[in-house]
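Notes to accompany the following structure.
Numbering (our numbering), first residue to last: 4 to 138.
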């Protein structure tokens, strides 16, 4: 991005196919020129007009970089639960690194859904027990 804040307008909202294509091209080119280095999203941002480094990183990480968006398999769900049970403070990123094609965001969403499901189940059990005790 240029130093002049008025030179470009940051787009907020959905990416289009042209922007996705440009981002893929820039990331591929960066990886070719800088093998074995982490991607510099600031460098990518320089060539992607109207999007910030953060937007580029999040788009790449959560949508374009070989992301498997299908439902988690039973094995993946079991692995996530086991990892969280064995290491309660493990991060979503650390879990995602162990499951190819899955992002930290996918892991986080699963964990929250799983937690809500467990809470609802526990609540139903408590309600049934209360009703049975009244009779």
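Glycine included, every Cβ here is placed at the ideal spot set by N, Cα and C.
Which residues in the same chain have their Cβ closer than 8 Å to the Cβ of residue i, if we skip the five residues on either side of it in sequence?
{"i": "residue 37", "result": "43"}
Ignore the nearest five residues each way along the sequence and tell me which others in residue i's own chain have a CB closer than 7 Å to its CB.
{"i": "residue 98", "result": "83, 86, 110"}
{"i": "residue 18", "result": "62"}
{"i": "residue 53", "result": "11, 12, 13, 14"}
{"i": "residue 118", "result": "none"}
{"i": "residue 55", "result": "13, 48"}
What are the start and end residues of the alpha helix (DSSP H) that includes residue i?
{"i": "residue 24", "result": "20-36"}
Please classify residue i: is it buried, with 16 or more other beta-carbons within 10 angstroms of its beta-carbon, or exposed?
{"i": "residue 58", "result": "buried"}
{"i": "residue 113", "result": "buried"}
{"i": "residue 128", "result": "exposed"}
Taking 8 Å as the threshold, find out whether the segment 39-48 comes into contact with the segment 73-86 through three or more Cβ pairs. no
Taking only runs of the alpha helix (DSSP H) that begin and end inside the segment 39-123, which ones reach a length of at least 4 residues, in chain order? 44-50, 56-62, 77-89, 95-101
With a cut-off of 8 Å, do at least 3 Cβ pairs link the segment 90-108 to the segment 66-75? yes
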